[in-house]
Amino acid sequence: MSLLLFRRLSFLAVLWAVVDQGSAVISAQEKLAPIKYHNPGLVVDLGVGLWAWPMPMDYDRDGDIDLVVSCPDVPMSGTWLFENPGATSEGSPSRPVFQAPIRIADKASNVQVSYLDGEPIVMTPSTIYADFRKDQYSKPIKLKLPAKIDPQYNRYRANQWKLVDWENDGDLDIIVGIGVWDDYGWDDAWNEDGTWKNGPLHGFVYLVENLGKRSEERGEKRDGVDSLSQLSTLPNQPFAKPRKITTSDGEPIDVYGMPSPNFADFDGDGDLDLICGEFMDGFTWFKNDGTRENPSFRAGLPVAQKHAQMHTPDHAVKLPTPDVLDSRSFAFRLAMNLQMITPVAFDWNGDGAMDLIVGDEDGRVAVCQNLNAELRGTPSFREPFYFQQVADDVKFGALITPTSVDWDHDGDEDLVCGNTAGHIALIENLGGDQPQWERPTLFVEEYQTGGDIALSKILRHQAGPKGSIQGPCEAKWGYTTISVAKWFKKPEIGFEKDGKIVSLNNFHDVIVNDIWGRVTVHGANPILGADNNLHPRVSTAQPIQVDWPESPPKPAWVWWTPEENTLTTQWRTTPCALDWNGDGLTDLIMLDHEGYLAYYERQKTDDSNPPLMPPRRIFKIEGPCEFDSRHRPVGEKTDGLLRLNASHAGGSGRRKLHFVDWDGDGRLDLLVNSENVNWLRNVRTDDDGFVWFQDMGKMDDLRLAGHTTSPTTVDWDKNGIPDLLVGAEDGRLYYKRNPRTK
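Numbering of the sequence shown is given in this note's numbering, commencing with residue 43 and proceeding in unit increments.
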């Protein structure tokens with residue numbers, strides 16, 4: 043029996059023992075625990091938590107390539123194995139459906155994999171793990187090199203170490219890629235014209251050359267040198283001073299942060315070329331014009347993608363040098379769906395050409411197939427294919443922001459969720475005493491082409507080059523935080539479904555705040571598909587209207603000017619759409635531009651989109667009353683207006699909110715993000731109309747956030763008592779029963 047099979051059977055045995063005692067379901071409801079798809083046969087995107095660092099290898103030595111993925115962030119921190127089931131997979135050999143992940147080791151930061159004599163060798167800064175498949179991280183080989191190899195830089199955000207025989211002399215040299223943030227800074231560096239005043243990110247690649255005796259000097263043949271046998275001797279080898287690798291014109295190789303260097307013969311001419319990733323979404327190819335023994339690199343070019351999807355405009359960046367590519371093909375820049383990418387060069391399909399296995403910020407992993415199987419000339423790659431796995435925990439990207447609503451009007455609560463990528467998805471509840479879930483379906487938005495024809499495209503909120511207070515390096519993020527409510531007054535039109543007329547007025551609109559801090563609403567306009575199911579479609583975003591007496595206020599650090607009567611507030615913060623005063627109109631409660639929780643009352647008009655009144659700060663709290671984005675008290679103020687974020691610029695906003703009567707006393711309480719969720723109990727309304735909260739503390743002991751969580755409530759058992767559902771940093775959803783439920 044293989045070790046992996048033993049682990050699986052042991053786990054199942056323990057689980058069965060718990061279930062047999064009749065306590066498994068209860069314990070899962072008394073403590074926060076991830077919800078499962080409960081949908082046999084369902085296949086979903088493979089994924090860990092925030093930040094995926096993939097290491098393809100035959101971990102269980104059964105002849106096929108598994109995926110080992112390190113995730114350094116909570117709550118899914120650790121190193122995870124996605125087993126390739128091989129011939130039993132539902133997919134193809136190059137696109138298998140992996141098993142759900144098993145945690146095989148603790149987390150490791152900046153983990154990289156090199157391949158020596160066919161063996162995967164794992165490294166972290168200045169440390170080698172020679173037999174990772176056997177020992178994981180338990181037997182480190184420490185090198186006599188500092189973890190930070192270039193002391194002139196203060197701020198590293200990537201520190202990626204690999205092994206390579208640089209000059210083909212039979213010994214092992216070290217390659218280090220570092221992402222340097224010294225010039226870029228962090229946030230709040232826009233001028234009034236939207237120009238970033240600080241410098242760019244840098245991604246340098248260093249050679250640390252092994253100065254030990256070369257094989258010829260030892261009287262050995264190079265072909266007879268066993269690279270693996272050298273690993274244990276590396277701590278005793280002398281190394282040269284680290285030097286930046288340069289191009290043939292003498293300029294340092296420098297990409298846009300997080301270089302993830304990969305040396306391989308990508309063009310089939312017998313020497314090692316270089317492909318780097320970056321902090322954003324793309325790749326740069328540095329062709330080796332020298333030899334295997336004396337490398338010399340051309341200036342970098344964007345890596346090309348053929349057969350690009352025409353509906354993804356962020357991919358559609360034509361290469362600037364047509365002479366490099368076959369002029370008969372229309373090539374695009376190869377780009378991932380998100381950013382903070384971590385590519386690994388690996389021949390995934392066994393055709394002799396090095397493919398790219400790439401981790402994305404949201405925990406997913408993709409393969410970009412090298413189409414240059416004949417290894418002639420410039421490499422180009424297929425668009426990313428995101429690996430699939432057997433459905434287990436419900437997940438949607440990272441920093442998932444759920445809200446619960448019967449979207450399709452079939453009698454059960456579905457989930458509508460945002461995430462870091464700026465998407466919004468419907469996770470449909472398929473019914474059952476224990477909900478069975480469909481895989482996430484992305485919302486599309488309807489838009490006009492200029493004529494009478496309306497088309498649809500995937501809905502995505504993004505910062506673009508100027509929309510994040512933390513600068514242009516966050517262009518691919520969107521951070522959609524949402525509410526669903528009947529916001530617009532719609533005409534009495536609809537469509538027939540199952541013999542009934544379904545009115546558009548019955549469907550919920552989607553209210554969105556995002557990375558810009560612009561609050562907008564997408565009107566519901568679902569599609570009735572040929573399968574007789576409702577598919578999530580909405581209209582193009584419209585600004586939330588506020589009847590401001592003067593120009594709209596904005597956070598002090600926002601460089602751009604909001605349009606008249608629009609709402610701009612702190613970024614990445616939930617817009618809570620609810621009828622607060624019971625007049626039948628949907629109001630809005632959220633942070634105002636200075637971080638105070640504020641009430642935007644809806645006006646009574648005949649408009650289809652009645653405006654909001656200017657905000658009123660009507661919420662107070664006992665004890666500390668000013669907080670940061672993780673609900674940690676700041677300052678000395680007590681017993682005053684509830685300021686849910688008193689921080690500046692990039693530290694602002696980020697608060698996730700949900701109003702619900704948690705304790706059943708008839709007053710709406712407030713659930714807010716923290717390490718998991720804090721319950722702010724509504725204790726009274728005073729004579730001046732102020733609503734007072736009391737902080738009852740965290741609702742569980744489980745840490746779910748490094749950045750934020752996002753609370754909502756559900757009533758899947760239909761007992762009239764709300765239960766807690768928390769969107770976590772890892773993109774999973776954690777459930778806990780209300781203690782009032784008997």
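All C-beta atoms, glycine included, are put in the ideal place defined by N, C-alpha and C.
query                                                                                                                                                                             : result
Which one or two residues does DSSP pair with His577 in a beta bridge?                                                                                                            : Ile569
Which residues does DSSP list as the beta-bridge partners of Leu633?                                                                                                              : Leu639
Which residues share a DSSP beta bridge with Trp122?                                                                                                                              : Val111 and Arg145
Give me the residue from Val247, Ser525 and Arg672 with the minimum Cα distance to Leu630.                                                                                        : Ser525
Would you check if the distance between the CB atom of Asp589 and the CB atom of Pro657 is smaller than 8 angstroms?                                                              : no
Quick check on Lys437: buried or exposed, where buried means 16 or more other Cβ atoms within 10 Å of its Cβ?                                                                     : buried
Near Trp95, what residues of its chain come up, given a Cβ to Cβ distance below 7 angstroms and the 5 sequence neighbours on each side ignored?                                   : Val111, Ser112, Val153, Thr384 and Gly401
Among Gly708, Asn715, Leu683 and Val702, which one has its Cα closest to the Cα of Gly695?                                                                                        : Asn715
Which runs of the beta strand (DSSP E) fall wholly inside the region 311-348 and span at least 3 residues, in chain order?                                                        : 315-318, 326-328 and 346-348
Report the partner residues of Asp296 according to the DSSP bridge assignment.                                                                                                    : Phe246
How many Å lie between Ser119 and Asn461 at the Cα?                                                                                                                               : 19 angstroms
Roughly how many angstroms lie between the CA atoms of Tyr298 and Gln645, to the nearest whole one?                                                                               : 48 angstroms
Under DSSP, the alpha helix (DSSP H) around Asp765 begins and ends at which residues?                                                                                             : Premise fails: Asp765 lies in the beta strand (DSSP E), Asp765 to Gly769, not in any alpha helix (DSSP H).
Count the other C-beta atoms from every protein chain shown that fall within 10 angstroms of the C-beta of Pro597, then say buried if there are 16 or more, exposed otherwise.    : buried
Could you pull the DSSP bridge partners for Glu487 from this structure?                                                                                                           : Lys499 and Val580
Between Asn555 and Gly464, what straight-line distance do the alpha-carbon atoms span, to the nearest angstrom?                                                                   : 10 angstroms
Of all the beta strand (DSSP E) runs that stay within the bounds of the region 696-784, which reach a length of 3 or more residues?                                               : 699-702, 711-715, 719-727, 733-740, 752-756, 765-769 and 775-778
Taking only three categories from DSSP, how would you classify Pro193?                                                                                                            : coil
Quick check on Asp148: buried or exposed, where buried means 16 or more other Cβ atoms within 10 Å of its Cβ?                                                                     : exposed
Determine the direct distance from the alpha carbon of Val85 to that of Ala619, and round the result to whole angstroms.                                                          : 34 angstroms
Any idea if Tyr248 is buried or exposed, counting beta-carbon neighbours within 10 angstroms, 16 or more meaning buried?                                                          : buried
Kindly indicate which residue of Gly474, Gln490 and Pro444 has the alpha-carbon position closest to the one of Leu468.                                                            : Pro444
If you reduce the DSSP assignment to three classes, tell me which class Arg370 lands in.                                                                                          : Low per-residue confidence applies at Arg370: pLDDT is 37, beneath 50, and the placement is therefore not dependable, though the value from the model is reported in the following sentence. In this structure, Arg370 counts as coil in the three-state DSSP scheme.
Can you list, in chain order, the residues of its chain with a C-beta nearer than 6 angstroms to that of Phe661? Leave out the 5 residues immediately preceding and following it. : Leu639, Leu684 and Val733
At the level of alpha carbons, what is the spacing between Asp757 and Glu72?                                                                                                      : 15 angstroms
Among the residues of its own chain, which have a CB less than 6 angstroms from the CB of Thr354, if the five just before and after it don't count?                               : Unreliable placement is indicated for Thr354, whose pLDDT of 37 sits below 50; the coordinate value is still reported in the next sentence. Cβ neighbours of Thr354 beyond the five flanking positions: none.
Between Lys181 and the rest of its own chain, which residues show a CB-CB distance below 8 angstroms, the 5 nearest in sequence each way excluded?                                : Tyr171, Ala172 and Asp173
Rounded to the nearest angstrom, what separates Pro421 and Ala395 at their Cα positions?                                                                                          : 9 angstroms
Distance, Cα to Cα, Pro507 vs Glu516?                                                                                                                                             : 7 angstroms
I want to know whether the region 274-281 touches the region 236-254 - three or more CB-CB distances under 8 angstroms.                                                           : yes
Are Phe140 and Gln431 touching if we call contact CB-CB under 8 angstroms?                                                                                                        : yes
Give the DSSP-derived three-state secondary structure of Lys73 in the structure shown.                                                                                            : coil
In or out: Gly773 buried (at least 16 other Cβ within 10 Å) or exposed?                                                                                                           : buried
Quick test of your reading: Ala691 and Asp230, contact by CB under 8 angstroms. State the CB separation rounded to the nearest angstrom.                                          : 4 angstroms
Would you decide whether Asn623 is buried or exposed? Buried here means 16 or more other CB atoms lie within 10 Å of its CB.                                                      : exposed
Where does the unbroken alpha helix (DSSP H) through Phe174 begin, and where does it stop?                                                                                        : Phe174 to Asp177
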